[in-house]
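Colleague:
Residue numbers (the working numbering): 6 to 464.
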């Protein structure tokens with residue numbers, strides 16, 4: 006329910022029945038808790054504990070600010086009818102000095118609202134085939150109720166990676182997972198999956214497939230954990246939603262057709278934290294903002310974390326040949342490097358493994374690459390990128406030393422996701438004989454900007 010829409014927002018038809026969540030205890034805990042250890046069988050792939058100095062903004066290596074009233078090229082007012090302007094000001098988004106990030110909506114003397122919306126730079130949070138992925142945050146909702154809360158719309162959610170390059174104009178087919186939403190200061194929260202087509206379609210858009218409203222005494226005045234776990238190790242696959250460790254709603258893949266489910270979930274995601282003001286969802290529960298709405302009540306986020314398990318079977322790894330000669334004109338699998346810097350292999354959507362987490366200054370080394378008597382025309386690399394806006398870099402080929410000048414290169418920006426693969430060619434100087442080949446990576450930004458599956462030289 007938190008997606009930039011292509012069409013004007015319709016009022017939501019959401020069951021207003023207040024459903025109690027299991028038998029879980031109410032969590033009234035300290036404001037600053039450490040990121041918890043990984044769930045069984047999973048490992049941490051991303052976290053932010055928001056321990057910055059009071060009054061400072063977020064770490065821009067981890068996060069980007071979405072500012073204004075919509076994505077460039079996307080729907081106005083974020084497509085939902087909300088009325089605030091999102092900013093990167095520390096008046097709206099700031100560390101509180103107590104181990105939390107605050108996202109605070111404000112209203113000026115002319116009645117104009119501002120607030121904050123941040124998104125992870127990374128767009129590759131995914132469950133591998135046969136594995137699991139869990140996104141979690143510990144949050145205190147804005148502590149405001151009644152008429153003073155009219156129009157408040159805090160949320161913790163995720164969008165499919167392919168949304169970012171096109172301003173989410175491909176919503177809802179690319180998937181949206183709403184992990185926590187609240188409106189109008191109600192003592193409750195909602196969860197949802199958006200998918201398929203809009204309006205209507207297999208996912209009942211624009212409402213989506215929802216948990217309905219879940220009662221939550223104390224969610225406005227204390228911290229609670231909210232999580233979703235995407236499980237591809239079970240059949241049918243499941244999305245399981247949790248509050249304070251209790252699974253309160255499960256959505257099975259059988260809820261929709263296989264194509265809709267795959268398009269919505271079989272790819273990477275980026276996470277979003279924001280507080281909107283006004284729009285269709287608050288309107289469905291009484292409306293707002295009004296003259297009685299009070300600005301300045303923040304959503305507080307103690308931590309966010311993403312954990313992932315390996316797939317059901319270990320993807321095959323191509324090991325470097327032991328002392329053997331590599332044929333320059335055959336595919337050289339990226340993970341078969343002889344040496345590398347600051348990278349790691351991961352399961353690849355095209356099978357086997359790819360090398361990921363590649364940023365400025367990283368490199369791969371391949372020994373004993375035989376170019377024969379020459380005649381090299383170019384090289385091609387199978388690459389993917391889910392890098393954030395403005396993040397790009399060069400892929401360079403160097404021979405025998407990383408300090409030698411490149412013999413060829415190409416530039417790469419976002420391809421639509423960390424597993425959205427493209428074969429990119431680059432011209433190279435003619436080469437003969439056997440050499441150590443280095444792939445080096447250069448970028449003007451510190452963020453990861455490329456994954457590599459394989460390379461190959463061509464005559």
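Cβ atoms here follow ideal geometry from the backbone N, Cα and C, with glycine treated the same way.
On a predicted model such as this, the values are computed, not experimentally measured, just so you know.
For residue 310, which option in 71, 109, 163 and 155 has the closest C-alpha, if you only look at C-alpha atoms?
Modeller: On the chain shown, position 305 is the one that residue 310 refers to. Closest option to residue 310, Cα to Cα, is 163.
Colleague: List the endpoints of the continuous alpha helix (DSSP H) containing residue 285.
Modeller: Within the chain shown, residue 285 is the residue found at index 280, counting from 1. Residue 285 -> alpha helix (DSSP H) spans 285-288.
Colleague: Rounded to the nearest angstrom, what separates residue 379 and residue 436 at their Cα positions?
Modeller: Against the chain shown, residue 379 aligns to sequence position 374. Against the chain shown, residue 436 aligns to sequence position 431. Using only the alpha carbons, I get a separation of about 5 Å.
Colleague: Could you give the first and the last residue of the continuous alpha helix (DSSP H) run that contains residue 269?
Modeller: Indexing the chain shown from 1 puts residue 269 at position 264. Here the alpha helix (DSSP H) through residue 269 covers 263-270.
Colleague: Which class does residue 382 belong to by DSSP, given the choice of helix, strand or coil?
Modeller: Your numbering for residue 382 matches position 377 in the chain shown. Coil, per DSSP.
Colleague: Is the Cβ-Cβ distance between residue 362 and residue 129 less than 7 Å?
Modeller: The residue you call residue 362 lines up with position 357 of the chain shown. The residue you call residue 129 lines up with position 124 of the chain shown. Not in contact: residue 362 and residue 129 (Cβ atoms no closer than 7 Å).
Colleague: Suppose you measure from the CA of residue 426 to the CA of residue 387; what does that come to, to the nearest Å?
Modeller: Within the chain shown, residue 426 is the residue found at index 421, counting from 1. Within the chain shown, residue 387 is the residue found at index 382, counting from 1. Roughly 6 Å between the two C-alpha positions.
Colleague: Take residue 99 and list the residues in its own chain whose beta-carbon comes closer than 6 Å to its own, dropping the five residues that flank it on each side.
Modeller: The residue given as residue 99 occupies position 94 in the chain shown. Closer than 6 Å at Cβ, skipping near neighbours: 60 and 107.
Colleague: I'd like to know whether the C-beta of residue 200 is nearer than 7 Å to at least one C-beta of chain B.
Modeller: Of the protein chains in this structure there is only one, and it is not chain B.
Colleague: Identify, in the order they occur along the chain, each residue of the same chain with its Cβ nearer than 6 Å to the Cβ of residue 316, setting aside the five sequence neighbours on each side.
Modeller: As a working mapping, residue 316 is identified with position 311 in the chain shown. If we look at residue 316 and ignore the five residues flanking it on each side, its Cβ neighbours are 133, 134, 135, 136 and 352.
Colleague: Between the Cα of residue 172 and those of 94, 221 and 71, spot the shortest distance and give me the residue it belongs to.
Modeller: By one-based count along the chain shown, residue 172 stands at place 167. Residue 172 has its Cα closest to that of 71, out of 94, 221 and 71.
Colleague: Let me check one thing: in DSSP terms, what residues is residue 423 bridge-paired to?
Modeller: Start at 1 with the first residue of the chain shown, and residue 423 comes out as number 418. Its beta-bridge partners do not exist; DSSP assigns none.
Colleague: Going by Cα to Cα distance, which pick from 342, 159, 43 and 347 is closest to residue 365?
Modeller: To locate residue 365, count along the chain shown from 1; it is residue 360. Closest by alpha carbon: 347.
Colleague: With DSSP as the reference, label residue 27 as helix, strand or coil.
Modeller: For the purposes of this step, residue 27 is taken as residue 22 along the chain shown, with counting starting at 1. Confidence at residue 27 is low in this model, with a pLDDT of 34, below 50, so its placement is unreliable and the value that follows should be read with caution. Note: residue 27 maps to coil in three-state DSSP.
Colleague: Using a Cβ-Cβ cut-off of 7 Å (strictly less than) and excluding sequence neighbours within five positions of residue 77, which residues of its own chain qualify?
Modeller: The residue given as residue 77 occupies position 72 in the chain shown. Taken in chain order, the residues that qualify are 172.
Colleague: Between the C-alpha atoms of residue 333 and residue 47, what's the straight-line distance to the nearest angstrom?
Modeller: Position 328 of the chain shown, counted from the first residue, corresponds to residue 333. Position 42 of the chain shown, counted from the first residue, corresponds to residue 47. If I take the Cα positions, the gap works out to 38 Å.
Colleague: Our contact map puts residue 291 next to residue 189 with C-beta atoms below 8 Å; I'd like the distance itself, whole angstroms only.
Modeller: Taking the chain shown and counting its residues from 1, one reaches residue 291 at position 286. Taking the chain shown and counting its residues from 1, one reaches residue 189 at position 184. Contact flag correct, Cβ pair sits at about 6 Å.
Colleague: Kindly list the residues whose CB is nearer than 6 Å to the CB of residue 258, restricted to its own chain and excluding five residues on each side of it in sequence; keep chain order.
Modeller: Taking the first residue of the chain shown as position 1, residue 258 is located at position 253. 241, 242 and 266.
Colleague: Considering residue 171, what are the terminal residues of the beta strand (DSSP E) in which it resides?
Modeller: In the chain shown, residue 171 corresponds to position 166, counting from 1. Run containing residue 171: none; DSSP gives neither H nor E here.
Colleague: By the DSSP assignment, the beta strand (DSSP E) with residue 193 in it spans what residues?
Modeller: One-based indexing of the chain shown puts residue 193 at position 188. 193-199 is the span of the beta strand (DSSP E), which, as asked, contains residue 193.
Colleague: From what residue to what residue does the beta strand (DSSP E) around residue 161 run?
Modeller: Sequence index remark: in the chain shown, residue 161 carries index 156 (1-based). Where residue 161 is concerned, the enclosing beta strand (DSSP E) stretches over 157-165.
Colleague: Could you check if residue 442 is buried or exposed, using at least 16 other CB atoms within 10 Å of its CB as the buried criterion?
Modeller: Locating residue 442 in the chain shown gives position 437, where the first residue counts as 1. It is buried - the Cβ of residue 442 has at least 16 other Cβ atoms within 10 Å.
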